[in-house]
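Each remark here refers to the structure printed beneath this line.
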Amino acid sequence: MKLPVMTFNLRTESGTSAEHAWESRSERAAEVIRQFGPLLLGTQEGSRSMMELLKEKLKGFRYIGQGRDGGTNGEYSAIFYDSSLLDVVEEGQFWLSEQPDVPGSKSWDAAFPRICTWAQFQSIEQPAHQWLVFNTHLDHIGQQAREEGILLIAGAIGRMRARTGLPAVLMGDLNAAPDNPVIRFLCGEVTLKGYKMQLRNAFEAAAARPGATYHNFEGGEEGEPIDYIFATEEIRISQVQIVRSKVNGQFPSDHYPVAAVLEME
3 MKLPVMTFNL RTESGTSAEH AWESRSERAA EVIRQFGPLL LGTQEGSRSM MELLKEKLKG
63 FRYIGQGRDG GTNGEYSAIF YDSSLLDVVE EGQFWLSEQP DVPGSKSWDA AFPRICTWAQ
123 FQSIEQPAHQ WLVFNTHLDH IGQQAREEGI LLIAGAIGRM RARTGLPAVL MGDLNAAPDN
183 PVIRFLCGEV TLKGYKMQLR NAFEAAAARP GATYHNFEGG EEGEPIDYIF ATEEIRISQV
243 QIVRSKVNGQ FPSDHYPVAA VLEME
């Protein structure tokens with residue numbers, strides 16, 4: 003089964019100029035998403051109102067998750083899915099803190115509360131095809147918070163895979179270049195606090211160095227990615243791209259979305 007997926011930091015409404023307000027960008031974002039056609043979409047930085055407007059524009063899509071301040075408050079790390087093709091079997095969210103069940107909690111050197119949204123999905127047409135999906139947005143300031151956060155996520159992936167026996171996908175804005183210990187940990191190159199992880203980096207399927215995924219509405223490719231898609235070893239990554247498209251001459255966000263086609267037996 004082929005599973006097209008995308009991760010997309012939408013850029014928050016807060017602090018944006020009128021030119022980059024979500025009301026004017028939302029259709030551009032929806033068009034870029036529609037052009038690739040993911041069945042699953044992980045978003046970052048969207049508020050409740052942003053999520054609702056995007057859902058209106060992506061016909062047939064629903065989303066799961068809540069705000070990082072609890073309930074509908076704060077930024078979401080939402081997972082959108084094509085509800086005509088996929089069902090949600092189970093879902094949840096935890097905070098990347100020393101109190102992961104406490105809404106709005108933050109720890110270590112984090113600048114803001116950070117969250118991970120997860121779900122178990124099932125193909126409606128082929129119910130035997132099921133998988134786990136995790137979507138997150140790691141802290142942009144604190145390296146310790148990034149490392150502790152990814153350890154919490156790695157632990158959750160391990161526990162849920164042990165319980166379900168299912169393959170898993172991790173995506174999001176990790177605020178870390180490829181040489182950061184967070185990324186090297188996910189790729190199995192280093193340990194963190196004695197723990198090991200081994201995932202496939204979707205950029206391994208790229209024909210050339212991926213380049214930047216954050217561009218501050220200026221475009222260009224120079225730099226390193228901070229947005230990623232990872233998968234467990236059962237999943238083959240047949241295609242990956244950083245979507246650098248403009249719509250009507252303008253970018254939909256200050257990040258480029260990252261899209262991949264995953265294949266599962």
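Per the numbering used here, the very first residue in the sequence shown carries number 3; after that it's consecutive. Each residue gets a CB set at the ideal place from its N, CA and C atoms; glycine is no exception. Computed from a prediction, not measured in an experiment: that's the story for all the values here.
Option nearest residue i by Cα separation, candidates the options
i	options	result
I117	S247, M53 and D175	D175
G69	S51, E267, S86 and D84	S51
W110	G76, Q145, A80 and E127	Q145
S79	I237, W97, P102 and E47	E47
H142	D229, L42 and P105	D229
Q124	Y83, G196, L140 and Q95	Y83
E236	L264, E224, R211 and E223	L264
A156	Y197, N177, A178 and A147	Y197
I159	F253, Q95, G76 and R186	Q95
R64	G73, L43 and E29	L43
A178	Y216, R211 and G190	Y216
N250	R27, I126, M162 and M199	R27
G222	M199, I239 and H257	H257
P212	F219, E220, G225 and N218	G225
P102	I126, I81 and A147	A147
Residue j beta carbon less than 9 angstroms from that of residue i
i	j	result
A170	L134	yes
E267	M8	no
G151	A121	no
L172	L201	yes
S99	S86	no
L154	V184	no
N182	G67	no
E33	W24	no
E29	K59	yes
C-alpha gap between residue i and residue j, whole angstroms
i	j	result
Q128	L188	30 angstroms
H131	A233	15 angstroms
A209	Q243	10 angstroms
M259	P227	Residue 259 is actually Pro in this sequence, not Met. Spanning the two alpha carbons is a distance of roughly 11 angstroms.
L5	A31	20 angstroms
E149	N75	25 angstroms
I35	R165	33 angstroms
S19	R186	36 angstroms
T45	R161	24 angstroms
M199	R163	13 angstroms
Anticipated Cβ contact below 8 angstroms, residue i with residue j, distance rounded
i	j	result
L12	S247	Contact flag wrong, Cβ pair sits at about 15 angstroms.
D71	P40	Contact doesn't hold; Cβ gap of about 27 angstroms is too wide.
A214	I231	The Cβ separation is near 16 angstroms, so there is no contact.
A261	V245	6 angstroms
Q241	A207	6 angstroms
S49	E77	6 angstroms
**Request:** Determine contact between the segment 42 to 62 and the segment 89 to 107, defined as no fewer than three beta-carbon pairs at a distance below 8 angstroms.
**Result:** no
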